[in-house]
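Taking it in order: structure first as structure tokens, then the write-up.
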Amino acid sequence: MLIVGYCFGIRSERRLCEEVHLNLAYRWFCRLGLEGDVPDHSTFSKNRHGRFRDSDLLRELFETTVRRCIDEGLVGGEGFAVDASLIKADANKQRWAEGSETVDWSAMAETRRSVQEYLDTLDDAAWGAAREVKPKFVSRSDPTAQWTGAQKGPCLLRLRHQLSHRYEQCQHC
8 MLIVGYCFGI RSERRLCEEV HLNLAYRWFC RLGLEGDVPD HSTFSKNRHG RFRDSDLLRE
68 LFETTVRRCI DEGLVGGEGF AVDASLIKAD ANKQRWAEGS ETVDWSAMAE TRRSVQEYLD
128 TLDDAAWGAA REVKPKFVSR SDPTAQWTGA QKGPCLLRLR HQLSHRYEQC QHC
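For reference, each letter of the sequence shown is one residue, going 8 to 180 in the numbering used here.
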């Protein structure tokens, strides 16, 4: 069902369940048939925030799917693309520490494998001038937030979100 939501831009899980309930093509794709019950919208959030939170099951499913697509010749993975967004941070502007003050960065140790691999690549000596940059100020409520300005707009507390994926022109397209 989530694939239907991603492909058709249905961001709300409630709306996704309604659409799958009403649309026969979506029901067919999800193998629900005419009589099948559509899962409750809360099932998605319960799985995301509970059952699969500390599991690599979804990552393994994704990697298996990509591997099968490569094996079937649907994708090759020779290209690489990166997209980044600035997301408004939910951080208190009044709770800052000096950049020289020691801050507990233990959350970084819990970073998932792909993010850690990306960070390791950036830190790799082959990139040349990689060096540690200490921020002038660090948020105590959200250490990942940074003062950021973009497009001549005001400086705001933001999180940097980056998405990267490999791509190749499909020979069947």
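The beta carbon of each residue, even a glycine, is placed where N, CA and C say it ideally should be.
Note that the coordinates shown come from a computational prediction; the quantities given were computed from them, not determined experimentally.
Assuming GLU70 is part of the alpha helix (DSSP H), what are its boundary residues? Within the sequence shown, the letter at position 63 stands for residue 70. For GLU70, the enclosing alpha helix (DSSP H) begins and ends at 64 to 78.
Inter-residue Cα distance where the pair is ASP47 and ASN54: Looking up residue 47 in the sequence shown gives position 40. Looking up residue 54 in the sequence shown gives position 47. Just so you know, the alpha carbons of ASP47 and ASN54 end up roughly 12 Å apart.
Starting from ASP16, follow the alpha helix (DSSP H) in both directions and report where the run begins and ends. For the purposes of this step, residue 16 is taken as the residue at position 9 of the sequence shown. Inspection of the sequence shows that residue 16 is occupied by Gly rather than by Asp. Here GLY16 belongs to no alpha helix (DSSP H), and DSSP marks it neither H nor E.
CA-to-CA distance, PHE15 to ALA32, given in whole angstroms: On the sequence shown, residue 32 is found 25 positions in, with the first residue counted as 1. On the sequence shown, residue 15 is found 8 positions in, with the first residue counted as 1. Distance between the alpha carbons of ALA32 and PHE15: 12 Å.
Given this structure, state the Cα-to-Cα distance separating ASP44 from GLU26, to the nearest angstrom. Taking the sequence shown and counting its residues from 1, one reaches residue 44 at position 37. Taking the sequence shown and counting its residues from 1, one reaches residue 26 at position 19. The alpha-carbon atoms of ASP44 and GLU26 are separated by roughly 13 Å.
Return the chain-ordered list of same chain residues with a C-beta closer than 6 Å to the C-beta of TRP35, the five sequence neighbours on each side being excluded. Position 28 of the sequence shown holds residue 35. Within the same chain, no residue comes within 6 Å of TRP35 by CB-CB distance, once the 5 residues on both sides are set aside.
Cα separation between GLU79 and ILE10? In the sequence shown, counting from the first residue as 1, residue 79 sits at position 72. In the sequence shown, counting from the first residue as 1, residue 10 sits at position 3. Using only the alpha carbons, I get a separation of about 20 Å.
Please state the DSSP three-state secondary structure of LEU81. For this step, residue 81 is matched to residue 74 along the sequence shown. Assignment of LEU81 by DSSP, reduced to helix, strand and coil, places it in the coil class.
Just to confirm before moving on: does the CB-CB distance between LEU23 and MET8 stay below 9 Å? The residue labelled residue 23 in the question sits at position 16 within the sequence shown. The residue labelled residue 8 in the question sits at position 1 within the sequence shown. At the C-beta level, LEU23 and MET8 come within 9 Å of one another.
Taking the continuous alpha helix (DSSP H) assigned at PHE36, which residues delimit it? Taking the first residue of the sequence shown as 1, we reach residue 36 at position 29. Residues 31 to 36.
Taking the C-alpha atoms as reference points, what is the distance between LEU81 and SER146? For the purposes of this step, residue 81 is taken as the residue at position 74 of the sequence shown. For the purposes of this step, residue 146 is taken as the residue at position 139 of the sequence shown. Cα to Cα, the separation comes out at about 45 Å.
Is GLY160 helix, strand or coil when you go by DSSP? Residue numbering aside, residue 160 sits at position 153 when the sequence shown is read from its first letter. GLY160 falls in the coil class under three-state DSSP.
What is the residue span of the alpha helix (DSSP H) that PHE51 lies within? For this step, residue 51 is matched to residue 44 along the sequence shown. PHE51 -> alpha helix (DSSP H) spans 49 to 53.
How about PHE51 and GLU20: do their beta carbons lie closer than 9 Å? Within the sequence shown, numbered from 1, the residue matching residue 51 stands at position 44. Within the sequence shown, numbered from 1, the residue matching residue 20 stands at position 13. Yes, the Cβ-Cβ distance between PHE51 and GLU20 is below 9 Å.
Measure the C-alpha to C-alpha separation of THR72 and ARG60 and round it to an integer number of angstroms. As a working note, residue 72 is residue 65 in the sequence shown. As a working note, residue 60 is residue 53 in the sequence shown. Taking the CA atoms as reference points, THR72 sits about 20 Å from ARG60.
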